[in-house]
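Working notes, beginning with the structure itself.
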Amino acid sequence: WPRCPTPRAGRPHPSAMTAQLVLLLAISLFGSAGALRVPLAGPWPRAAAVQSHRALAPQALLDRAAFLLAEAGEHTAALSTADMLGPAAGVVVLGVLGYLAATNQLWNPTTGAILPLLFLSGDSEKLAESGATTVQNEALKKFALSVTPSAWKKAYQGVDDDGVRLDPTTGEAIAPRLLELPSWMGDEARALVEPEAVACVQAMQRASIEVPSVGPVDTCFLSLRPAAPAAAPPVMLIHGFDSSILEFRYIYPALLQAGLRVEAMEWWTGGFTAREPFTRAINEAGAKPWDLVRHHQMAFLKRQCGGEKVVLLGASLGGAVALDFAARHPECVEALILMDAGGESYAQPDPWLTSLCADPVTNLFQWRATNGLLPYPHVWAQEDGWRQALRAYLKSGGYQAVVGPPLIKTVTPPTYVLWGEEDDVLPVADLYKYQADLPDCRAAVLVPNAQHAPALENPRFVAERIVEFTMKAAEARRVPSAA
């Protein structure tokens with residue numbers, strides 16, 4: 056990622072630097088109690104629990120804090136009193152941490168994402184302009200990686216942690232060759248080297264789709280038809296938050312090979328779909344993100360499939376999107392597939408706190424983008440309105456405000472649930488909650504050798520299950536009594 060200028064050459068922004076130390080000290084204060092709450096049995100595998108226990112050890116965190124202090128020491132003498140008091144809001148954040156600890160949310164794996172709120176605080180636009188979210192700090196980067204869930208930091212199939220393609224024989228880096236792509240994709244996409252990612256972006260299209268209450272939206276999507284079509288409904292894929300249809304790049308070839316038609320679009324906050332029309336409707340007209348996203352999904356479905364029902368798959372937060380759509384438009388859904396789906400729980404705190412912390416979380420995303428810490432291949436952080444869309448979504452409180460057990464119990468299409476057996480973002484127990492709450496849950500399947508991103512971590516198994524579930528839905532459609 057390009058380096059942006061910092062306020063003072065070679066010196067971290069004082070607010071960001073002090074907030075880093077506040078973060079480490081806060082975690083140290085809560086570390087012992089938090090480690091005790093990590094289960095050594097139950098839905099988390101024992102190995103993951105032990106690893107989490109070690110990551111939260113107060114001594115390790117204090118060691119990191121000491122390193123930061125030593126690194127920052129040479130700069131602090133030049134800071135004014137105002138500089139040092141800039142992150143005083145950290146005291147408020149510590150109060151929030153106290154609330155989370157008291158309500159058992161701080162160390163719950165479903166809401167552990169609250170910790171990054173302490174990295175930065177303040178108005179996201181002002182901090183971006185000041186350069187505070189562009190601080191380059193190797194110690195902080197290492198710390199961030201140490202507490203980052205697998206889905207955010209893994210390198211897949213021959214690509215190292217920096218997204219560099221490696222020669223499978225020698226292990227040496229292969230010099231990148233810039234791709235010839237449409238101008239709306241940006242330079243980051245042109246630098247992709249992983250074969251599956253390259254094939255995916257080359258297959259992407261973009262068209263203007265009229266969305267009720269929003270207007271025309273330049274929408275990025277995949278529309279893929281098999282050479283030998285099976286007698287089955289199309290499969291429509293919905294990606295997760297701030298993600299892209301690139302997250303399905305390992306599974307859609309197998310779906311096509313099985314004769315399934317694949318449709319997928321990039322919804323607001325993710326990929327190369329225009330963000331500004333949605334953000335404007337939310338900020339200026341008070342529209343709710345989930346309503347706009349549902350309208351967009353419906354407009355896309357009608358454009359691509361007409362009146363044909365689809366097998367709808369939602370992954371991660373895309374699962375909440377799919378649940379919301381299926382609950383309100385069951386006439387469009389032949390079957391529903393949920394994969395490590397938000398709904399029973401979320402990787403965020405309560406909606407009011409998510410809204411309150413919108414700026415710090417947005418700052419965190421910007422800081423990760425600047426430091427190359429977003430998951431490969433995150434190639435849309437330079438898109439117009441990316442940061443503003445993230446903030447608008449978070450200010451709304453997120454899907455947790457509308458999609459939960461009460462709505463899940465109203466979802467009538469037959470549903471299949473897939474879950475990474477070592478999910479380190481959402482608890483595996485949610486798989487069984489879905490099984491209990493869904494009116495027509497046909498299967499609940501653990502995906503072996505997978506965490507929160509099974510389509511990336513065990514794509515063969517996931518593709519086989521999608522084909523199996525889709526064919527069952529097709530059979531039930533031909534012979535209704537078989538259901």
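Numbering-wise, this note's numbering puts 182 at position 127 of the sequence shown, and it's gapless, one number per residue. The beta-carbon is built from N, C-alpha and C at its ideal position, and this holds for glycine as well.
At a Cβ-Cβ threshold of 9 Å, residue 386 and residue 364 count as neighbours.
Listed as beta-bridge partners of residue 261 by DSSP are 275. Nearest Cα to residue 255 within the set 240, 264, 266: 240. Per DSSP, residue 322 lies in no beta strand (DSSP E) segment and is marked neither H nor E.
The beta carbon of residue 465 is closer than 8 Å to those of 382, 494 in its chain, skipping five residues each way along the sequence. With fewer than 16 other CB atoms across the displayed protein chains lying within 10 angstroms of its CB, residue 265 is exposed. By the Cβ neighbour-count rule, residue 345 is buried, with 16 or more other Cβ atoms within 10 Å of its own. The secondary-structure analysis by DSSP pairs residue 392 across a beta bridge with 368, 471.
Considering only 369, 227, 333, 252, the residue with the shortest C-alpha distance to residue 296 is 369. Annotated three-state conformation of residue 270 is strand, per DSSP. Going by DSSP, residue 520 is part of the alpha helix (DSSP H) stretching over 514-533. Look at residue 330 here: in three-state DSSP terms it is coil, with no helix or strand label. Residue 438 sits close to residue 330, with the two beta carbons spaced by under 9 Å. Each residue's CA atom was taken as its position, placing residue 410 and residue 450 some 4 Å apart. In the displayed model, residue 429 falls within coil according to three-state DSSP, outside both helix and strand. Burial of residue 478 is indicated by the presence of at least 16 other C-beta atoms within 10 angstroms of its C-beta. Scanning 294, 435, 283, 225 for the CA closest to the CA of residue 238 turns up 435. Distance from the CA of residue 399 to the CA of residue 225, rounded to the nearest whole angstrom, comes to 45 Å. In this structure, DSSP gives residue 480 a state outside helix and strand, which the three-state scheme calls coil. Excluding five sequence positions before and after residue 245, the CB atoms of its chain that fall closer than 6 Å to its own CB belong to 233, 234, 236, given in chain order.
Counting along the chain, residue 497 sits inside the beta strand (DSSP E) bounded by residues 496-502.
By the C-beta criterion, the stretch 388-405 is judged not to be in contact with the stretch 264-278, since fewer than 3 inter-stretch pairs fall below 8 Å. Between the beta-carbon of residue 463 and that of residue 290 there is about 21 Å, and that puts the pair past the 8 Å contact cut. Residue 417 has its alpha-carbon roughly 37 Å from the corresponding atom of residue 524. The straight-line gap separating the alpha-carbon atoms of residue 352 and residue 375 is approximately 13 Å.
Between residue 282 and residue 242, the alpha-carbon positions lie close to 32 Å from each other. Here residue 306 has 510, 514, 517, 518, 521 as same chain residues with Cβ atoms under 8 Å from its own Cβ, once five neighbours each way along the sequence are excluded. In the DSSP secondary-structure assignment, residue 248 is not bridged to any residue.
Under the 10 Å beta carbon count, residue 342 is surrounded by 16 or more other beta carbons and is classified as buried. Taking the Cα positions, residue 500 is about 43 Å away from residue 339. Classified as exposed, residue 530 has fewer than 16 neighbouring CB atoms from the shown chains inside 10 Å of its CB.
In this structure, residue 310 keeps its C-beta atom at 9 Å or more from the C-beta atom of residue 432. Residue environment analysis places residue 407 among the exposed positions, since fewer than 16 neighbouring C-beta atoms fall within 10 angstroms of its C-beta. Per DSSP, reduced to three states, the secondary structure at residue 419 is helical. Rounded to whole angstroms, the Cβ separation of residue 274 and residue 445 is 19 Å, and the two are not in contact under 8 Å. In the structure shown, the three-state DSSP call for residue 293 is strand.
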